[in-house]
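Residue numbers (the UniProt record's numbering): 1 to 446. Ideal Cβ positions, reconstructed from N, Cα and C, are used throughout, including at glycine. As the structure is a computational prediction, the values presented were derived from the model and not from experiment.
Put into structure tokens, the structure is as follows:
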């Protein structure tokens, strides 16, 4: 409501006047006659002052008051602070609904089946001393961790869902991650190197021919967030984003037996392997003399590592329109078919944990540890042997996975930098023998 403008009449104060001097007794006033005003008396001054005070108070009431700094400070102190987490469903109630509700919700939100999640929480309670806190259970801690790495969610989203502060969420995230590093040492272990022929169909026939193969070896790119001054080292293989390069070995059951994480994206796969072979802190799982890992042409063809023929069709997509004809092509096709197991394992890993495709802006050491934790969780779920939709999707050997992390700049001089001539000669002879066996098959259908 706006104030009414003051009028002249509001300030009109009648003053006493003397009688007009007139030369006649008529009612008309002579213009030439001047009226004289008597000086104000004290009573008139008091009345004027009272009227001015009233008008001033009226103006203050009609105009909106402006709070003074003191009154504003007092009002803020008197206000009740609103809670950030004001949902009716607490984190504990949410976990009860999640674990007791539709099993599909658990798979979608926690990236694993309900049975796997319950077993994993029990495993951490018993073996890694992960305990309930005063207000947060182990299951709730693990669920918050999985929603971050499984959906690449930020703290602000998770704290709203579980009704905890950012400080609490940060504390429990790193508590679980520290336990995951101990967990990874027990989950990612070398294979026994015993041949496992429990693979159906044509892959079983190929395994009998490649009887010395104990697994597959390859590198994969994991998205990384690094400071601007270091980004050139992590932009690898013609990609605009930054990545860390991870070397991994897996067996034919898609279980990872060895990984090296944290390398720059520009690092060549062969260089990472060469460094891993000489690293005394993390001994490389060398296969026995008559065993070997299947690897692509980016690696040296030496004892313990079976690479395909160079300058010959190799990738599975190359054989879709025209089947293999020569013995070298048949070898490369069979080799790629068996080595495809590690490509499928990488696909399961990245499908389950999208944070590996778009990493959150954690410190780089934390990013590396998250990557290792994802590999360890992958192994745990596989070893439990429970039904899992991610493994089911990529479990068939005939599933073709597009390899986007190939070293397109593979240089023969670079990949042959390690290994002796006798090692290369031994593996070349073994490769030729396998190629002859494949050529002599009556039916070559893979």
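CA-CA distance, residue 396 to residue 346, rounds to 14 Å.
Listed in chain order, the non-local C-beta contacts of residue 301 below 7 Å within the same chain comprise 307, 424, 427 and 428, local neighbours out to five positions each way being set aside.
In this structure, residue 401 keeps its C-beta atom at 8 Å or more from the C-beta atom of residue 352. For residue 244, the enclosing beta strand (DSSP E) has its first and last residue at 243-250.
Just so you know, the alpha carbons of residue 303 and residue 130 end up roughly 43 Å apart. Within the segment 230-312, the runs of beta strand (DSSP E) that reach at least 3 residues and sit entirely inside it are, in chain order, 243-250, 256-264 and 292-294. The C-beta distance from residue 140 to residue 124 rounds to 13 Å, too long to fall under 8 Å, and the pair is not in contact.
Per the C-alpha coordinates, the member of 231, 267 and 285 positioned closest to residue 249 is 285. Within the segment 352-394, the complete alpha helix (DSSP H) segments of 4 residues or longer fall at 364-384 and 389-394, listed in chain order. With three or more CB-CB distances shorter than 8 Å, the segment 103-113 counts as touching the segment 383-396. In this structure, 260 is the residue among 229, 394 and 260 with its C-alpha nearest to the C-alpha of residue 282. In this structure, DSSP gives residue 92 a helical state, which the three-state scheme calls helix. Taken through DSSP and simplified to helix, strand or coil, residue 222 comes out as strand. The alpha carbon of residue 218 has as its nearest neighbour, out of 312, 356 and 296, the alpha carbon of 296.
In this structure residue 181 is exposed. Its beta-carbon is surrounded by fewer than 16 other beta-carbon atoms within 10 angstroms.
Each residue's CA atom was taken as its position, placing residue 312 and residue 235 some 29 Å apart. Bounds of the alpha helix (DSSP H) holding residue 178 are 166-187.
Shown here, residue 150 sits in a helix according to DSSP, grouped into three states. A distance below 8 Å separates the beta carbons of residue 331 and residue 431. About 31 Å separates the CB atoms of residue 289 and residue 262; that is not less than 8 Å, and the two are not in contact.
Beta bridge pairing from DSSP links residue 216 with 250 and 294.
According to the DSSP assignment, residue 123 belongs to the alpha helix (DSSP H) that extends over 114-127.
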